[in-house]
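Reviewing the structure listed below.
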Amino acid sequence: MTDKHGQAAPLACVENALLALCATGTALLLWWLLKYSNYGFDFTDESFYVVSMANPFIHDYSHTQFGFVYHPIYNLLGGDLANLRQANIFTIFGLAWVLAYLFLKPMASEVKNNHLTLLAVTAGLATSALIQLDAWLLTPSYNSLALQALMLTAIGMLLSDNSNRPASLTGWSLIGIGGWLAFMAKPSTALALALGVFLYLVFARKFSARLILISVAVSASLLIFSAMLIDGSILEFINRIKKAIEFGKILGSGHTLLHIFRIDSFHLTENTIALIAMIFISIFASIYSLYSRKRILSLAGFLIATGFFSVTALATVGNIGLAPDTGPFRSFLIFGLFFSAAAAGLTLGKFDRLKSIPAPQRAIACFFLATPYIYAFGTNGNYWSAGGAAAIFWLFSGLIFLTPLVRERASWLVLLPVAIATQTITVVLLQTGFEAPYRQPQAIKLNDTAVTFGAKKSTLVLPDSYAKYISSAVSAAKKNGFTPGTPVIDLSGQSPGLLYALGAESIGQAWNVGGYPGSLDLAKVALERTPCEKIAAAWVLLEPEGPRSISNELMSSIGSAFPDGYTRVADWETAAGAGGYTIPRHQELYKPDSPAEILDSCNKVRKKHQG
0 MTDKHGQAAP
10 LACVENALLA
20 LCATGTALLL
30 WWLLKYSNYG
40 FDFTDESFYV
50 VSMANPFIHD
60 YSHTQFGFVY
70 HPIYNLLGGD
80 LANLRQANIF
90 TIFGLAWVLA
100 YLFLKPMASE
110 VKNNHLTLLA
120 VTAGLATSAL
130 IQLDAWLLTP
140 SYNSLALQAL
150 MLTAIGMLLS
160 DNSNRPASLT
170 GWSLIGIGGW
180 LAFMAKPSTA
190 LALALGVFLY
200 LVFARKFSAR
210 LILISVAVSA
220 SLLIFSAMLI
230 DGSILEFINR
240 IKKAIEFGKI
250 LGSGHTLLHI
260 FRIDSFHLTE
270 NTIALIAMIF
280 ISIFASIYSL
290 YSRKRILSLA
300 GFLIATGFFS
310 VTALATVGNI
320 GLAPDTGPFR
330 SFLIFGLFFS
340 AAAAGLTLGK
350 FDRLKSIPAP
360 QRAIACFFLA
370 TPYIYAFGTN
380 GNYWSAGGAA
390 AIFWLFSGLI
400 FLTPLVRERA
410 SWLVLLPVAI
420 ATQTITVVLL
430 QTGFEAPYRQ
440 PQAIKLNDTA
450 VTFGAKKSTL
460 VLPDSYAKYI
470 SSAVSAAKKN
480 GFTPGTPVID
490 LSGQSPGLLY
500 ALGAESIGQA
510 WNVGGYPGSL
520 DLAKVALERT
530 PCEKIAAAWV
540 LLEPEGPRSI
550 SNELMSSIGS
560 AFPDGYTRVA
570 DWETAAGAGG
580 YTIPRHQELY
590 KPDSPAEILD
600 SCNKVRKKHQ
610 G
């Protein structure tokens, strides 16, 4: 037996073992995430997402149109929040898996066999898209739609070329669909995406005015269809967005045109730097060991990858909390893989070999490097922190450096430890939200009380304090004649989740948000656009001295002398941790005494303002 064949058998065993670990790691991560998909609930941001999906048509302005996109899915799944979350997880992972497959397969046409390895590698790498859920906000939102739009667009970019082949035409169409979805999620992201796609097409030498028209036509057609479906006309749809921009200025939340063009700074904690270094050294060593094809070194590479898999298994099956304090830029852990791939490609693959990578692959890698910025563009938060939710693209951009190694060995073996480490990084970042979920009082695994609430009767497992809060509020409201669909004016400034639990219609805004300089002024403007008939029938939720409470002055602006003309029918204490505040607050529910009188007062105020 030759030395070549003597080495082949052990390497095949190593590859098969790593393949099994990679496939198992992906399955464990998805199983764990789906298992806890009905755990936890945020009364603010996540509730805003749910309310926006449940009935997006009741307001005539909106910054984002994600609610309209997800509304059919919401109805199809019967409004069940657990099912919606699971659908979101599968959609994100599914798109990422397709993207990873289409990105990697052309990298090494020399690899004729090992298709199962490629599937396992791409599935493992695709789990990085789930980093977007690291705050444990699993419900579909404008953020998840933006990520899905970017992945769909990238799939189209990989499929497209200058030919009229069905695959190419499908790609150009997907670019158009992705652009439309990006606009529906965040118009600012759509703007940045358009520029990014244009530059990619130029540098990838795919630019074709004729074929670009397909993307433009598809995107424009979908936008026109959306405008007609949502508002009945294109002009009204444009007015919807213009109003939202104007109202955003009133709120003073930082969403201004000049403010969005910026490059923020970042600061990494010592823990983050140490973890990046550890990931870099270990994965570089694993790649080097497996690339060498030497038995002992290959075994070392296998053991390193096994160590990463063990962490994934402990966090999922073992349910051991692994949430190191890595700060707001925790998604930078993915750069440990980026740098290890770059170092391996430059040292083992040689720089000259990188020049042989085709222009389209180099161009898409550059596009991927910029995509997290495209994702974050327009947010009022730090771009590096927000962009980290799309860290999958940073990871993919680094994989281009491994192309020479994969081609030379005609094997996907060197990518297996990268995929296994990707699963570990993803689960560690998800553990951050699992152990300290956004604006919730305790770790998700400690939730132990199932609660069914909302007009659609969703069942979630919540902390006992949350369950008591919801149950007491729903019971008290129902006892005093509150019925699902009743309009409510929320003066607490932070209770869209409670209104959803009551089955109420949140009038004026999906979330009557408090705590901003212009919260009161925005609430006034929003109610001015609400029919007096709804205002007259509306109950009022009050949170006296609440940290985000909206002044009673809002009621006087619509002709009400609140609390005169209303009867307090119920009150309760919020749960500790609700809305992100550790101290419980007192809330009160008021019922209108004479809706006819309120209607008359509201109409008089409207006529006075019009006069």
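Counting in numbering that gives the first Met the number 0, the sequence shown runs from 0 upward without gaps.
The beta-carbon is built from N, C-alpha and C at its ideal position, and this holds for glycine as well.
Through-space distance from GLY231 to PHE452, alpha-carbon basis: 33 Å
Contact between the stretch 539-554 and the stretch 450-468 is defined here as three or more beta-carbon pairs at a separation below 8 Å; is this criterion met? no
Which word fits GLN422, buried or exposed, when buried means at least 16 other C-beta atoms lie within 10 angstroms of its C-beta? GLN422 is classed as buried because its beta carbon has at least 16 other beta carbons within 10 Å across all chains shown.
Nearest residue (CA-CA) to TYR100, options LEU540, TRP411, GLY306 and TRP571: TRP411
Report yes or no: is there a C-beta of chain B within less than 8 Å of the C-beta of ARG209? Among the chains of the structure shown, chain B does not appear; only one protein chain is present.
Can you give the Cα-Cα distance for THR448 and TRP538, rounded to whole angstroms? 29 Å
Excluding sequence positions up to five away, which residues of its chain have a Cβ less than 7 Å from the Cβ of GLY24? GLY123, PHE308, THR311, ILE419 and GLN422
Spatial neighbours of THR425 within its chain, please: C-beta separation below 8 Å, excluding the five flanking residues on both sides. LEU28, THR126, SER127, LEU129 and ILE130
Look at the Cβ atom of ALA340, then the Cβ atom of LEU398, and state whether they are nearer than 8 Å. yes
Ignoring anything shorter than 3 residues, give me the beta strand (DSSP E) runs that lie fully in the stretch 455-487, in order along the chain. 457-461
Within the same chain, show all residues whose beta-carbon is closer than 8 Å to that of ILE211, passing over the 5 residues directly before and after it, in chain order. So the list reads TRP171 and LEU200, once near-sequence residues are dropped.
If we call anything under 8 Å between Cβ atoms a contact, is HIS62 one with ALA184? no
Which of helix, strand or coil does DSSP assign to ASP2? The pLDDT assigned to ASP2 is 47, lower than 50, so where the model puts this residue is not dependable; a value taken from the coordinates is nonetheless given after this. Of the three classes helix, strand and coil, the one that applies to ASP2 here is helix, per DSSP.
Suppose contacts are defined by Cβ-Cβ distances below 8 Å. Is LEU98 in contact with GLN147 by that definition? no
Where does ASP489 sit, in a helix, a strand or coil, going by DSSP? strand
What residue does the alpha helix (DSSP H) around TYR695 start on, and which one ends it? This structure gives no information on residue 695, because the portion of the chain shown stretches from 0 to 610.
Within a Cβ cutoff of 6 Å, which residues of the same chain sit near TYR290, ignoring the five residues on either side of it in sequence? The residues LEU347, LEU404 and VAL413, in chain order, have a CB closer than 6 Å to that of TYR290 in the same chain once the five nearest residues on each side in sequence are set aside.
Let me confirm a value: LEU302 is counted as buried when at least 16 other C-beta atoms fall within 10 Å, else exposed. Which label applies? exposed
Just grab the DSSP bridge partners of ALA449 for me. VAL460
Run through DSSP, which three-state label would GLU434 get? helix
Could you tell me which residues DSSP puts in a beta bridge with VAL539? ILE488 and TYR589
Quick one: using the 10 Å Cβ neighbour count with 16 as the cut-off for buried, is HIS58 buried or exposed? buried
Can you list, in chain order, the residues of its chain whose CB lies under 8 Å from that of ALA500, leaving out five sequence neighbours each side? PHE452, GLY453, ILE469, ALA472 and VAL473
Taking 8 Å as the threshold, find out whether the stretch 503-522 comes into contact with the stretch 477-492 through three or more Cβ pairs. yes
Same chain, Cβ closer than 7 Å to TRP96, five either side skipped, listed in chain order: Closer than 7 Å at Cβ, skipping near neighbours: THR121, ALA122 and ALA125.
Tell me, please, which residues DSSP counts as bridged to THR566. LYS590
Does DSSP put TRP411 in a helix, a strand or coil? In the displayed model, TRP411 falls within coil according to three-state DSSP, outside both helix and strand.
Presumed contact (8 Å Cβ cut-off) between PRO495 and VAL50, rounded CB distance: 5 Å
Is it true that the CB of THR402 sits closer than 8 Å to the CB of MET106? yes
Flag this pair as yes or no: are the beta carbons of LEU149 and LEU192 separated by less than 8 Å? yes
Taking C-beta to C-beta, are GLY155 and GLY177 nearer than 8 Å? yes
Which partner residues of SER505 appear in the DSSP bridge assignment? VAL487
Taking PRO323 as the reference, give the member of PHE367, ARG261, GLU269 and PHE376 with the closest Cα. GLU269
PRO60 vs PHE236 beta-carbon contact at 8 Å: It should be noted that the sequence gives Tyr, not Pro, for residue 60. Contact flag unset, no.
Using CA atoms only, rank isn't needed, just tell me which of SER600, TYR589 and PHE376 is closest to SER556. Per the Cα distances, SER600.
Cβ-based burial, MET227 [other Cβ within 10 Å; buried from 16]: exposed
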